[in-house]
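Visitor:
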């Protein structure tokens with residue numbers, strides 16, 4: 166059961182988090198303080214380490230290509246962003262909801278929730 170759960174979680178949810186559509190929709194750059202999973206091809210997703218971004222190294226196009234991560238034991242490592250899975254935060258979720266609602270920064274409640282006079 167656990168093996169099936171990890172397989173499905175890694176094949177569906179992690180793939181969705183890692184999707185970085187280059188041309189269709191701009192994704193936000195990785196930034197200092199972001200928490201990520203560090204993909205290791207030789208390990209199952211349940212064994213991937215967590216890291217916190219300490220420094221970003223953008224390319225000529227100003228997109229972050231490589232980051233310095235702090236891992237367990239205060240080790241600092243560098244990894245390319247294609248080997249990382251950005252974990253969503255409350256801030257990311259709020260921004261996504263605003264975008265889904267037509268870029269409104271102050272969305273109105275649904276009409277079914279509004280008071281009738």
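In the working numbering, the protein residues as written are 166 to 282. Glycine residues also receive a C-beta, built at the ideal position from the N, C-alpha and C atoms.
Between which two residues does the beta strand (DSSP E) carrying residue 251 extend?
Guide: Bounds of the beta strand (DSSP E) holding residue 251 are 249 to 251.
Visitor: In whole angstroms, give me the CA-to-CA distance for residue 139 and residue 210.
Guide: The requested residue 139 is not part of the displayed model; the chain covers only 166 to 282.
Visitor: Going by beta carbon distance, what residues of the same chain come within less than 7 Å of residue 223, once the five residues before and after it are set aside?
Guide: Cβ within range, chain order: 229, 230.
Visitor: Taking C-beta to C-beta, are residue 219 and residue 235 nearer than 8 Å?
Guide: yes
Visitor: DSSP three-state label for residue 234, please.
Guide: strand
Visitor: Just checking my contact of residue 198 with residue 217 at CB under 8 Å: how many whole Å lie between their CB atoms?
Guide: 7 Å
Visitor: With DSSP as the reference, label residue 226 as helix, strand or coil.
Guide: coil
Visitor: What did DSSP end up calling residue 244 once you bin it into helix, strand or coil?
Guide: strand
Visitor: Could you check the C-alpha separation between residue 206 and residue 244 for me, to the nearest Å?
Guide: 13 Å
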